[in-house]
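Right, one structure below, let's go through it.
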Amino acid sequence: MKIVIDLQGAQSLGSRNRGIGRYSLSLIKAILENHSKEHDITILLSALFKESIEDIKKQLQEIVPNIDIKIWHGLSNISYLQNSYSTNKKYTEQIREDFIKTLSPDIVLNTSLIEGYIDDSTISISKNLPYLTATILYDLIPYIHHEHYLADKEVKEWYHQRIQNLKNSDLLLSISESSREEAIEHLKINPQNIVNISSACENFFQKVDISIEDEANIKNKFNIKQPFILYTGGIDFRKNIDNLIIAYSKLPQNIKLSYQLAIVCSIQEEQKQSLYSLAQKNGVDKSQLIFTNYVSDSELLYFYNLCDLFVFPSWHEGFGLPILEAMFCNKAVIGSNVTSIPEVIGDERALFDPFKIESIRDKIEELLTNKELKNQLIQHNKSYSKKFTWQKSAQLAIDAMQNLYNKRPSIKKDKSKKPSLAYLSPLPPQKSGISDYSHELLFELRNHYDIDLITQGEDIKLDFTCSIKNIEFFKQNYSSYDRVLYHIGNSQFHKHMFLLLKEYSGVVVLHDFYLSNIVAHIELTHYKLNFLNLSLYNSHGYKALAHRYKTEDLYDMLWDYPTNLDIIQQANGIIMHSHKPKELLKKYYNIENLKNLKVIPLLRKAPIKKDKKAIKALLNLPQDSFLVCSFGTLGETKLNHQSIKAFINSSLVNDKNTYLIFVGESTDKVYKDSLKELSAKFKNKIIFTGWIDYPTYQNYLRVTDVALQLRTLWRGETSAAALDCMNYKIPTIVNANGSMSELDKDSVLMIEDEFKIEELISSLELLKDATLRDKISTNAQKILRTKHNPKECATLYHEAIEEFYTNTQTLQESIKTLSKISNTPDEDTLLNTSVALSYNYPLAPSLKQIFVDISTLVQVDAKSGIQRVVKNILEHLLYNPPSGYKVEPVYALGGRYSYARKFTLSFIGADENILLDEPIQPQKNDIFLALDLAPLQINSTSDYLSFLKMLGVEVKFVLYDLLPITSPLFFNDEDIKHFKLWLEELLKADAVLSISKNVASQLEDYIYHNKDIKNISLKIDSFSLGADFKINTYLPKKEQEEFLTTIKNSTTFIMVGTLEPRKAHAQTLEAFEVLWSQNIDVNLLIVGRAGWLVEELLQKIKNHQQLNKKLFFVENADDDYLTQLYKNSSALIASSYAEGFGLPLIEAAQHSLPIIARDIAIFREVAASNAHYFKDSNDALHLAKSIEIWLELHSKNIHPKSQNINYLSSKESAKEFVDLLIN
Amino acid sequence: MKNFLTWFKGNTIAWITFAPQSRPRRVAKSLIFSLITISLKNNSIKETLLVVLNHFPKIKHRLKQMKYTNYENIPLKLHSISSRQRDIFEMLKNTNIKSKKS
C-alpha cells in the first residue's frame, strides 16, 4: 500500500506546539517504526511552514534515515482570517491535491483537518479523488458546543467548511471511542467508516525519583508549601475550573488546610484574578490556590510526580491526555464521568459528575482520606495505562487503512468511447523513413483512439481515411484532446514539433537519440533564433557552448552532443525502439531507470508476397542471380567500404551470378566516389542503385538472398533496414553495434562490433549454405511476425500512452484544472502560482545543478590568491562538469541568486549576449557551492540559503582560512564582524571544503570550543591547492630586463603577497636592516599590492635609503612578470604569521626556489622538511640569524631543496576538489 | 440557566478582552497581519520597524512567527522570476484566457 501522510498537523502555527501537533508526530513516528518496511510511506510537508521542516525531518530521519519526504509549495497569505475563502486559497487547495496525485498514492492520511483559520494550512478533500483518504478526528467540541465556539459568523463558516471536508474523507481515525460516537451521532458518519485508534503518551512521563533539592526548588519556585491536588490541561470554560475551585472550597476544613490546589497551565492575568475572586468568595485563601502559568515539560513531570491527587473535571474532551500522563507517573487520578474521560481512566470508582460540585468534592475527599482506595486506583493505573501505546495506535491506524484499501472499488474504464489523440508525424509522401512507419502504425492505432492527424498543410496520402487538422486547430483545441503523440527524429520534417512540444506537451516517440543536426538547422535557418545555443546550454552546459564557439566545423562538433534533454523533459512519456539508448542517457546525463520510458519494438508490416521472377525481370536482374544487398543511405558509418572489401576478397566475387548491390542513395559525394573507386575492378558485380522509391525498395527486399547491414558510431537509432531484411525473410549479417546487438542471435548472423575483415568474409562464405540461410531467415521472420507485428505494437503503444497519462499528474493538467476555478485571477496570483508550480513540477529528468557562487569575481577580479583559486576551480568545473551535473556560476542579487551567464560566456570565450542572467531555478539534489569569499553578499542571502536547504539543495562552502578569528589583530573590526557573520552562515551548511588540513582542523577546534554551535552534522573536508608550471615565453620590457639582471646577479630574497600586517613585511625588513648593517650582501625584493593597515610600512619602504639598491618593491606584477621574478631570485621568504595555505610556497617550488619559512603548521603541511624554518616570533634579530644560517647552508649546497615538495597541478587540485564536492 | 449564565459571562468577558477566540483578539490579529504585509512591501517602513523591534526581541519573535510563510516576502514581478516560472506563467495566462472564452 502506498501511503502519503500529510503532516501539516505538526507544522501549522495553531497546532504544532499543542496536543494535535504532538499527537501527529508521535503517531507517525510509530507508524514509521513499525510499518515502514511493509508499506511505501511518503511524508508530505508544506513549504508554507518552512521553519518547521528541518526539525520534523531530523526527528523522522532518526527513525528511518532515508525516509521519503516531499515538500509541496502553494500560495501564502491564505488564512481564513485574512481573506476568507479566497481565490488564492482555492488555488492552493487544488495545487496541493494535484501535487499529491503526482505521488500516485493509494491512500492519503491527513493528520489534522481543522486548520487554516489563522495560518496557511491547507488540507482539502474533494470528491472523486483518485486516491483514498483517511483523516484523524480529534474532537467535535466546537461543533457540539457551537453556541460558545462558533458564535462568530466567520469562524462558523470556516469550521463548517472544514467539517464538510471531513465528511468527504473515506475513513476517519478517532482518538477515542467517545469522539467516534460523537461523529456517528452528530455528523451521521457511517460506523464502518470511523475507527477508534486511541492515543498514547510520551515515554517522558513516568514515575521518577526527585531529589530533595529539586523538590525544594520547584516548591519554592511555585510557592508550594503543602501536599497538593493537581490540575493541568488549559483554561477554557469546558475545563470546568470554576467548579473545581468551588468543590475544593467545600472540602472539610482540615483537608482544605492540608492540601493546596495547583492549577498548572498557561493562564491570562484576568482569568487568574477572576478565579482568585471566585476562590475568595468561597472562602479559599489565595495561598491555598497555586497558579503556575506556563511550565516546561520537566517541571510538569515533577508536578505529576509530586502531587497527591490528580483531578480532571473537564466536561468535554477528545481524549484527555493529562489524565494518561498522570497515570503513567503512577498517581491517583479522578475525572469526569463524561465523554472520553471514563475510557481513559478505566475505573468507575475514580469518576465524578462534573456538573455537580458535591460530586467533585466528595470524590476528592474520598481519595484523600481512603488510602486503600487510593492505592487500588494507583495499582489499576499502572496496568491499565499500558493499554495506551503509540505502537498500538499505529497498528490500529494501519489496519483500518488496509481494510479500506482492500475494499476499494475497482476503477471501471469507460470503454465505450475511444479517447481522442492528436498525432504529429511526417507522413507519406514525405521522404522520411518515419513516414511509412507512421502510416503502418496509424492503421492499427485507429482501433484504440479517435485520431486527428496534425499537419502543416502538406499533402498526405494514406491508404485509409483519417481526420486531418492543421497546427492552429491543434493549438486552439489542445485541451480538448485526451492524448497527444509526437514522432520526433533528426530531420527537418520534425522541426515544428520542437517548438510545439514545449507548450503542448505529449508523448514523444524518439526515433533518433541525437537531435543536434535538426536543432542546428532550426537556428541556422532562422526558424528560431538562438535555438541551438539554448539547446546546447540546456542539455550540455557551458562546455558545449565553449566548444561551439571554438570549433571550425560545427557539424563535426555537434556529433558529440545529442542536444535532446529539452525534448525528454517536455515529454509526458518517451517511447524508444530499443533498450540501447538507455546507455546514452546514462552517458550524457547520468540518468538511469527513467520512469516514463517505454521500449516498443519497431513495427514491421508483413510484406505482400510477389513473384520473385517477375520482380527480377522488373529490376533488370538475371533470373539466376544470387544477390547480396546492403540497404539504406550510404555512408561511412554504414561501413559500405568494408562490405565491398569483404565481398571482393571472398569466393562470392568469383561466382558469375553473384552480385553485391547497395540499395539507397548517398548524400556524401566524396564517400560515394571512394566506394566507386574501391569497386572499380568489379563494376559489373557491384551495383549502386541510388535513390529509389519505397515500392522499388520493397522489391529489392523480395529478391535479396543475403543482406549485409553493418554499422559503426551508433547514434541511438534503431536499424529499420535490418528489421526490413528480417521481415522479408532474408538471412542478414549484422555487427553488434548499438541496437543491433539486441537482435536475437538465432535470427541474424552477428559478428563483433569492431570486426576484422576476415570475420566478415567468413560470414559471407558461411551463408553460401542454403540450409543455414533458411534457418536464420525463418527465425528472423518468426520474430518479426510476433514481436514486431503492427497490431501487437499498436497495442503496446496504447498501453504505454495510457500509462503515461493515467499514472502521471502533469503540470499541464494542473494548469487546466486551475483555470476552471472561478474568477479571473490577478497577475499576482498567477505569478505566485507559477513559482509554486515550478517547484512542485521540477523538470525531470534533469542534470543536477552545481550553483557556483562567484559573487565577488563577477564584480571585480582582484587577482588575489583566493580569486586565483576561484578562477582555477571554476574553469575546471566548466570544462569538466562531473557526469550528470551542469555547472552554473551564480551571483547574489536582491536576496537571491541569479545565473551569471553573461560573465561565464565571456569567461569561456563565447558570445556573452546569447543567454541572459536571470534568477536561479533550484531543485532537490542540486549543490550550492560558496566558492568565492563574499561575506557581505552571503548575509543578504541567508534566508534564501535556508530555502535552498529546505528544497533539498546541498549547501557547501569553501573555507580559505579562519584568520579574522584566529589572528584578529591583523584585521579591522568591520572585517572581523563581517567575517563572523559569514562564518555563522558557513556553520549552517551541509559541508565545508577547506583549502588545507590545517584550516580544517582549526574549524573543528572552533566548533568544539563553541557550545552555541548547533550544526553537528557539518562535514569538514580538505583538499590541496595546486599551481601550474607555465612555460614562460614572456618577453620582459627593457627596464624590467635590467632589473631582472640586477637581482639575478646578487643574492635576492623574494617576498610575494599583499602587504598587510599578517605577512610580517615589517619584521622581515627589520631583519634585513640587521643584515645590511653587518655588510651582508643580500637583497630584499617585496612583490605585492598595498593592502590594509600598512601606511607606516609603505612610508618606510618608499623612504628607505636602500630602496632600489638592496631593497626593491614591485607593486603590480602580473602573473608572467611574477614568474620572471621568481626565476631570477635566490630564495623565497614566507614570513606570514598566519596563512590559510601559502600558495607562494608552491610557486617557489615550481621554480626550484629555496624557501625560508616561518615555522607555522600550514607551512609545515605544505613544505614539510623541504624548507628552512625560523622560529615563530616577532624578533627581527632571530630572523636575521636564521637567514645567515641559511646562507651558510646554501654556500655548501646543503640547504633544503624545494623541488622535493609534493604539490598538485591546478588541474589535479581542481579534480581533487570536484571529487570531494560531489562525493 | 446556570450554564447559560456561565456562557454569557464567559462570552461577555471574551468579547471585551483579548481572550482566545474573542473578537478584539481576532480583529487585532487581522490588523497586525495587514501591518506586516504593508511593512514587508516597503523597505523603509520595514527598516524603521526593525530598529524599534530590536529593542523588544520577544515581540519581534512573535511577529516573525506571524509573518508570511512565503520565503520571499517580496511581491513578485515578471522580470524577477526564472524563465521556467515565466513559461508556466504564460501557460497559466493562456489557459485561463481560453477557459474564459469557452
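Protein chains in written order, with the numbering used here: chain Y, 9 to 1231; chain F, 27 to 128. Note that the Cβ used here is the ideal one computed from N, Cα and C, for glycine as well.
Assignment of Y:Arg793 by DSSP, reduced to helix, strand and coil, places it in the helix class.
Under the rule that a run must span 3 or more residues, the beta strand (DSSP E) segments found entirely inside the segment 134-215 of chain Y read 140-145, 179-182 and 202-204. For F:Phe82, the nearest beta carbon of chain Y is not closer than 9 Å to its own beta carbon.
By the C-beta density criterion, Y:Pro703 is exposed, having fewer than 16 other C-beta atoms within 10 angstroms.
Annotation: the continuous alpha helix (DSSP H) that includes Y:Glu278 extends over Glu277 to Lys289. If one requires a minimum length of 3 residues, the beta strand (DSSP E) runs lying completely within the segment 733-773 of chain Y are 740-743 and 757-759, in chain order. Counting C-beta pairs with one atom in each stretch, the segment 36-47 of chain Y and the segment 134-147 of chain Y have fewer than three that are closer than 8 Å, which means they do not touch. Membership of Y:Asn411 in the alpha helix (DSSP H) is indicated by the continuous run Trp398 to Asn414. For Y:Ala1222, the uninterrupted alpha helix (DSSP H) segment begins and ends at Ser1218 to Ile1230. In terms of CA proximity to Y:Glu366, Y:Lys258 leads the group Y:Lys258, Y:Gln67 and Y:Phe311.
Note on the segment 690-732 of chain Y: whole alpha helix (DSSP H) runs with a minimum of 4 residues are 702-711, in chain order. Taking the Cα positions, Y:Tyr550 is about 29 Å away from Y:His495. Contact of F:Leu102 with chain Y by beta-carbon distance below 8 Å involves Asp836, Leu839, Asn840 and Val843. Where Y:Gln387 is concerned, the enclosing alpha helix (DSSP H) starts and stops at Lys379 to Tyr392. One alpha carbon belongs to Y:Lys78, the other to Y:Glu760, and they sit about 47 Å apart. Cβ-Cβ separation between Y:Arg104 and Y:Gly124: approximately 11 Å, too far for a contact (criterion under 8 Å).
In the DSSP annotation of this structure, the continuous segment of the beta strand (DSSP E) that includes Y:Lys894 starts and ends at Tyr893 to Leu901. Using a Cβ-Cβ cut-off of 9 Å, F:Thr74 is close to nothing in chain Y; its nearest Cβ partner there is about 19 Å away. For Y:Tyr1181, the enclosing beta strand (DSSP E) begins and ends at His1180 to Phe1182. Around the CB of Y:Ile765, fewer than 16 other CB atoms lie within 10 Å, so the residue is classed as exposed. By the neighbour-count criterion, in which a residue is buried when 16 or more other Cβ atoms sit within 10 angstroms of its Cβ, Y:Asn313 is buried. Interface annotation, Y:Gln857: not in contact with chain F, CB-CB separation never under 9 Å.
Residue pairing for Y:Asn1091: DSSP places it in a beta bridge opposite Y:Thr1060. In this structure, DSSP gives Y:Met505 a helical state, which the three-state scheme calls helix. At a Cβ-Cβ threshold of 9 Å, Y:Pro972 and Y:Phe965 do not count as neighbours. Annotated as distal: Y:Leu967 and Y:Val1226, with beta-carbon spacing of 9 Å or more. For Y:Ile928, the chain F residues whose Cβ falls inside 7 Å of its Cβ are Ser108, in order along the chain. Cβ contact annotation for Y:Arg612 (same chain, cutoff 6 Å, sequence separation greater than five): Leu731, Asn735, Leu792 and His796, in chain order. Secondary structure note for Y:Asp63: its alpha helix (DSSP H) is the uninterrupted segment Lys58 to Ile71. The three-state secondary structure of Y:Ile823, taken from DSSP, is helix.
For Y:Glu511, the residues of chain F that pass the 7 Å Cβ criterion are Met117, in the order they occur in the chain.
Secondary structure note for Y:Cys474: it is in no beta strand (DSSP E), with a DSSP letter that is neither H nor E. Residue environment for Y:Asp444: buried (at least 16 other C-beta atoms within 10 angstroms of its C-beta).
The C-beta of Y:Lys1183 has fewer than 16 other C-beta atoms within 10 Å across all chains shown, which makes the residue exposed.
Here Y:Thr675 is exposed. Its C-beta has fewer than 16 other C-beta atoms within 10 Å. Interface criterion met: the Cβ of F:Ile114 is under 9 Å from a Cβ in chain Y.
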